[in-house]
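2 protein chains.
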Amino acid sequence: MTGNKNQNPHVSVDCVIFGYAEQQLKLLLIRRTLQLAKQDASDRFMALPGDLVLEDEDLNQAAKRVLKELTGLDNVFLEQFAAFGAPERVKKEKDKQWLQSVRENPEARVITVAYFSLIDAAACMLLPGSFSAQAVWIPIREVPELAFDHNEIFEHALNQLKRKIQLRPIGFELLPEKFTLSELQNLYEAILGRELDKRNFRRKMLRSGFVIPLEEKQQGVANKPAQFYQFNRQKYEELGEAYVNLRLEGDDDYFLN
Amino acid sequence: MTGNKNQNPHVSVDCVIFGYAEQQLKLLLIRRTLQLAKQDASDRFMALPGDLVLEDEDLNQAAKRVLKELTGLDNVFLEQFAAFGAPERVKKEKDKQWLQSVRENPEARVITVAYFSLIDAAACMLLPGSFSAQAVWIPIREVPELAFDHNEIFEHALNQLKRKIQLRPIGFELLPEKFTLSELQNLYEAILGRELDKRNFRRKMLRSGFVIPLEEKQQGVANKPAQFYQFNRQKYEELGEAYVNLRLEGDDDYFLN
Chain A
2 MTGNKNQNPH VSVDCVIFGY AEQQLKLLLI RRTLQLAKQD ASDRFMALPG
52 DLVLEDEDLN QAAKRVLKEL TGLDNVFLEQ FAAFGAPERV KKEKDKQWLQ
102 SVRENPEARV ITVAYFSLID AAACMLLPGS FSAQAVWIPI REVPELAFDH
152 NEIFEHALNQ LKRKIQLRPI GFELLPEKFT LSELQNLYEA ILGRELDKRN
202 FRRKMLRSGF VIPLEEKQQG VANKPAQFYQ FNRQKYEELG EAYVNLRLEG
252 DDDYFLN
Chain B
2 MTGNKNQNPH VSVDCVIFGY AEQQLKLLLI RRTLQLAKQD ASDRFMALPG
52 DLVLEDEDLN QAAKRVLKEL TGLDNVFLEQ FAAFGAPERV KKEKDKQWLQ
102 SVRENPEARV ITVAYFSLID AAACMLLPGS FSAQAVWIPI REVPELAFDH
152 NEIFEHALNQ LKRKIQLRPI GFELLPEKFT LSELQNLYEA ILGRELDKRN
202 FRRKMLRSGF VIPLEEKQQG VANKPAQFYQ FNRQKYEELG EAYVNLRLEG
252 DDDYFLN
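Chains as they are written, first to last, in the working numbering: chain A, 2 to 258; chain B, 2 to 258.
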């Protein structure tokens with residue numbers, strides 16, 4: 002990566018990519034490119050997937066490229082959510098050695114534009130990107146200390162996700178095509194980090210019209226087989242830019258109580 | 002401004018500052034610094050207030066500085082809403098001459114981080130900033146062709162504002178301390194660009210608890226004097242990061258119908 006004249010050394014994109022697998026909300030992280038000896042201290046840090054923006058590339062294109070290289074996925078929900086540009090963000094002692102090995106001017110401030118994505122972790126194969134040695138899914142409760150200000154960027158995205166699922170049913174990108182209402186509830190609980198009342202959740206989700214019951218039921222389960230549902234994509238698309246009301250009137254009757 | 006070593010030549014902030022006066026929603030614009038002859042074509046364009054980020058400055062600090070220099074105001078609602086970084090955004094023919102007169106490297110891509118602000122236009126005096134010759138309020142329906150991609154940035158902010166007032170009563174920053182419900186409705190109509198049903202608006206706004214009736218009424222008006230209200234700041238602050246439900250259940254009963 003050193004000295005690639007095609008990169009803008011002052012601006013990067015970083016992607017907070019959430020996935021859902023084994024009933025856990027996970028974060029896609031990369032291990033930094035191994036240009037240093039394996040035992041080197043600066044190799045300890047994982048990071049959000051990201052890269053410097055290429056000279057002929059728009060910000061959105063750069064984020065799409067990063068996501069595509071790592072997951073092979075195109076056409077994924079991907080949204081810019083904030084820019085981070087504190088002068089000291091790339092000047093921490095812990096990041097110095099690594100920066101020196103990959104940047105022409107390791108002291109220069111890099112402003113990063115952060116993107117937010119949701120994908121079905123079970124349905125994608127992780128690939129090593131040109132900017133990373135290895136990509137891994139880490140459960141959000143186990144996210145370690147990350148490079149630069151990446152922990153802050155991750156927390157910001159997680160808070161955004163918690164707010165967003167109260168406005169639009171965006172969690173569906175994380176699930177397979179057909180799912181049970183219990184699986185959907187598990188997903189919401191994993192995002193919000195707390196338990197939800199089962200009866201309330203089912204009633205309100207069904208009433209919202211965003212899930213459609215299928216003929217099909219679970220097979221080969223010990224208990225009473227649960228019904229499968231699918232996401233009502235048409236209703237979602239009709240919505241356009243508007244927000245849905247996923248809350249009811251009054252303080253004590255929110256959708257997500 | 003040319004050759005100020007203290008500026009990061011690759012990153013700027015731009016502020017979309019909405020104000021409300023004479024029952025119109027207005028946008029704060031600047032005329033570019035007059036370093037060129039008055040008749041010069043590149044002098045025709047107005048622009049959003051903005052500036053390159055200083056080397057020791059965070060992005061938020063830069064936006065606050067721009068707003069403070071122009072309006073004298075501190076502690077104003079100011080929110081980052083998007084970054085714009087298309088490679089061609091500073092390469093349009095119309096902007097060339099001006100850029101050549103103020104930038105060391107006029108060809109270099111500048112990525113801008115856009116901020117969004119709401120102020121009571123009637124209560125602030127406009128000052129010439131270090132980055133502009135003159136600041137003016139322009140009604141949003143009369144915004145001319147602007148520099149760079151500033152029209153796009155403005156449209157983006159306006160759409161955001163339209164969505165936001167359905168989620169939180171943010172319009173209050175635009176009004177004086179005390180106001181009538183008609184004034185509040187005028188403001189909402191100016192933002193949304195359409196008329197609202199008076200009875201519905203009053204009923205729902207009163208029920209939301211965000212306005213408190215005052216003892217005081219209008220004086221010296223020909224018709225029946227209207228009651229003054231003030232914004233319930235405590236309720237707003239209790240809300241924290243959460244969104245309010247400014248919509249009711251059902252498709253045909255939105256708050257803003």
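Where is the CB? At the ideal position from N, CA and C, for every residue including glycine. Every value quoted in this text rests on a predicted model; they were computed, and no experiment measured them.
Member of the options whose CA lies at the smallest distance from the CA of residue i
| i | options | result |
| --- | --- | --- |
| V12 (chain B) | B:R110, B:G210, B:E94, B:L175 | B:R110 |
| K92 (chain B) | B:P107, B:I192, B:V103 | B:P107 |
| V77 (chain B) | B:S102, B:Q62, B:K205 | B:Q62 |
| K137 (chain A) | A:K165, A:L49, A:R200 | Note on residue identity: the sequence assigns Val, not Lys, to residue 137 (chain A). Cα-wise, what sits closest to V137 (chain A) is A:L49. |
| G73 (chain A) | A:L147, A:Q219, A:D121 | A:D121 |
| K179 (chain B) | B:E239, B:E217, B:K205 | B:E217 |
| I139 (chain A) | A:N187, A:I31, A:N7 | A:I31 |
| L215 (chain B) | B:N224, B:W99, B:F229, B:L182 | B:F229 |
| P10 (chain B) | A:A22, A:I112, A:C16, A:M206 | A:I112 |
| V67 (chain B) | B:R234, B:K236, B:I18 | B:I18 |
| M47 (chain A) | A:A115, A:D96, A:E105 | A:D96 |
| L159 (chain B) | B:Q220, B:R104, B:I192, B:L53 | B:I192 |
| E143 (chain B) | B:R200, B:K65, B:E156 | B:E156 |
| R234 (chain B) | B:N187, B:Q167, B:V212, B:P177 | B:V212 |
| P88 (chain B) | A:E94, A:L60, A:Q161 | A:L60 |
| E70 (chain B) | B:A22, B:E94, B:L128 | B:L128 |
| Q135 (chain A) | A:D75, A:E146, A:F149, A:R33 | A:R33 |
| R90 (chain A) | A:D150, A:L162, A:Q161 | A:D150 |
| F82 (chain A) | A:L147, A:D52, A:V114, A:E56 | A:V114 |
| Q8 (chain A) | A:A22, A:L175, A:V103 | A:V103 |
| K163 (chain B) | B:E239, B:F117, B:E105 | B:F117 |
| A227 (chain A) | A:L29, A:L100, A:L175, A:T181 | A:T181 |
| Q161 (chain B) | B:L119, B:S183, B:P177 | B:L119 |
| L100 (chain B) | B:K65, B:D52, B:L175, B:L207 | B:D52 |
Local Cβ density within 10 Å of residue i, reported as buried at 16 or more and exposed below that
| i | result |
| --- | --- |
| A124 (chain B) | exposed |
| M126 (chain B) | exposed |
| G86 (chain B) | buried |
| V14 (chain A) | buried |
| K165 (chain B) | buried |
| G172 (chain B) | buried |
| P273 (chain B) | Residue 273 (chain B) cannot be examined here, being either before or after the span of chain B that is shown, 2 to 258. |
| G210 (chain B) | exposed |
| R204 (chain B) | exposed |
| K27 (chain B) | buried |
| E58 (chain B) | buried |
| D198 (chain B) | exposed |
| A84 (chain B) | buried |
| N222 (chain B) | The amino acid at residue 222 (chain B) is misidentified as Asn; the sequence shows Val. Looking at its Cβ environment, which holds fewer than 16 other Cβ atoms inside 10 Å, V222 (chain B) is exposed. |
| G20 (chain B) | buried |
| S194 (chain A) | One point to set straight first is that residue 194 (chain A) is Gly, not Ser, in the sequence displayed. Classification of G194 (chain A): exposed, given that the 10 Å Cβ count is below 16. |
| K225 (chain A) | exposed |
| Q167 (chain A) | buried |
| D75 (chain A) | exposed |
Proximal chain A residues relative to residue i, where beta-carbon distance stays under 8 Å
| i | result |
| --- | --- |
| G86 (chain B) | V12, V54, D59, L60, V114 |
Interface residues of chain B facing residue i [CB-CB closer than 9 Å]
| i | result |
| --- | --- |
| Q81 (chain A) | A83, A84 |
| N106 (chain A) | What N106 (chain A) touches in chain B: nothing, since even the nearest Cβ is about 12 Å away. |
DSSP three-state assignment for residue i, whether helix, strand or coil
| i | result |
| --- | --- |
| K206 (chain B) | At residue 206 (chain B) the sequence reads Met, which differs from the Lys that was named. DSSP places M206 (chain B) in helix when its eight states are reduced to three. |
| D150 (chain B) | coil |
| E250 (chain B) | Below a pLDDT of 50, predicted positions are generally treated as unreliable, and E250 (chain B), at 30, falls in that range; the measurement from the model is reported next regardless. Reduced to three states, the DSSP call for E250 (chain B) is coil. |
| N9 (chain B) | strand |
| R32 (chain A) | strand |
| A64 (chain A) | helix |
| D59 (chain A) | coil |
| K218 (chain A) | strand |
| G172 (chain A) | helix |
| K199 (chain B) | helix |
| L74 (chain B) | coil |
| A227 (chain B) | coil |
| L49 (chain A) | coil |
| Q24 (chain B) | coil |
| I192 (chain A) | helix |
| L37 (chain B) | At L37 (chain B), the pLDDT of 48 sits below 50, so the modelled position is not reliable; the number obtained from the coordinates is stated separately. In this structure, L37 (chain B) counts as coil in the three-state DSSP scheme. |
Neighbour list for residue i in chain A, Cβ cutoff strictly below 7 Å
| i | result |
| --- | --- |
| R110 (chain B) | N9 |
Counting only runs of 3+ residues fully inside the region 81-156 of chain B, write out the beta strand (DSSP E) ranges in chain order. Listed in chain order, they are 112-120, 133-140.
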